[in-house]
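**Student:**
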Amino acid sequence: MLKRILIVSLIAISCTEEVEPLTISDIEVELHHDESHQFNLKRGTALVDATEIEWSSGHEKIGKIDAKGKYRARKVGLSHVTGISKGQILQASINVIPYSDILTEPIAEFGASKEFVKSKERRKFYKQLDNNTIAYEGENEAIRTVLYSFENNKLEAVTVVFTSNTAVAGEVGTFYRERYPEFKIKDPYVFCFDDDKVKVVVLSVVSGVGLSAIYIPYTTNLRVDNTADIFKGTKSRISLLDK
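Have a look at this one:
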């Protein structure tokens, strides 16, 4: 009888004994686009193999996590990772921070009216260069001007003209690389493709103007010859700035 009571008691204890939950090493992670982070798991004080849970990434364009819990960033932005194991859900927020904030990217809502752009643009309005172009002052010393070009009152392109010096050129390269991971180089142009397929940013050094970035509607049909046409009007518009 005593033996039976002991066995029943032991079974009752084992049934009510709670398994310690898993914990994740970090719930907020900050890193750059070219960095990675390893998540570790514990049950109590004991390390648990990270492959024991199923990992997923919230926004894979920002970065991805592999089966071993290693997160590799891809571009600037906010995301999160989730781990699931036997009904338990673990989450961590991801903030891929920039090396450079040299520029507030312009309003690139192609087809928008001049009035709409003016209502959204926060830079200081400089002047209207002609019937189809308005100019804004750069927000810092690295940016000479931002030009919005329209056709029939519909936004066609935006040009950012940077100050010409080596330090600025290097930072501009970093700025776009960490926001536009998909790019192609076709000398003398660098084509930066938007993940959302809304815009393409074309970087080039314009003779007599300097380093410029032109925002145009997204397309994969970009060639050196037709890109040259895009840049043709930049120099003439810049010449109107000081008149």
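Under our numbering, the first residue of the sequence shown is numbered 100, with each subsequent residue one higher. Note that the Cβ used here is the ideal one computed from N, Cα and C, for glycine as well.
Between which two residues does the alpha helix (DSSP H) carrying K217 extend?
**Tutor:** Note, K217: alpha helix (DSSP H), 213 to 219.
**Student:** Measure the CB-CB distance between I161 and I193 and report whether it falls below 8 Å.
**Tutor:** Result yes, Cβ atoms of I161 and I193 sit closer than 8 Å.
**Student:** Specify whether the stretch 234 to 251 and the stretch 171 to 179 touch according to this definition: at least 3 beta carbon pairs, one from each stretch, less than 8 Å apart.
**Tutor:** Taking 8 Å as the limit for Cβ pairs, the verdict is that the stretch 171 to 179 does not touch the stretch 234 to 251.
**Student:** Cα separation between I337 and K283?
**Tutor:** Cα to Cα, I337 sits roughly 26 Å from K283.
**Student:** If you compare alpha carbons, which of Y314, H131, V299 is closest to T258?
**Tutor:** The option with the nearest alpha carbon to T258 is Y314.
**Student:** Which of helix, strand or coil does DSSP assign to S184?
**Tutor:** Reduced to three states, the DSSP call for S184 is strand.
**Student:** Just confirm the distance between the C-beta atoms of G143 and H179, as a whole number of angstroms; I'd bet it's less than 8 Å.
**Tutor:** No, G143 and H179 are not in contact; Cβ-Cβ is about 25 Å, not under 8 Å.
**Student:** Given a threshold of 16 other Cβ atoms within 10 Å of its Cβ, counted over all protein chains shown, does K298 qualify as buried or as exposed?
**Tutor:** So K298 ends up on the buried side.
**Student:** On the three-pair Cβ rule with 8 Å, is the stretch 213 to 227 touching the stretch 134 to 151?
**Tutor:** No, the stretch 213 to 227 is not in contact with the stretch 134 to 151.
**Student:** Between the alpha carbons of S155 and S124, how many angstroms are there, rounded?
**Tutor:** Their backbone Cα atoms lie some 16 Å apart in a straight line.
**Student:** Looking only at its own chain, which residues have a Cβ that is under 6 Å from the Cβ of N139, when we skip the five neighbours before and after it?
**Tutor:** Excluding residues within five positions, the ones whose Cβ falls inside 6 Å are S124.
**Student:** Considering only the alpha carbon of each residue, which of S199, Q137, Q190, G176 lies closest to V267?
**Tutor:** Nearest option by C-alpha distance: S199.
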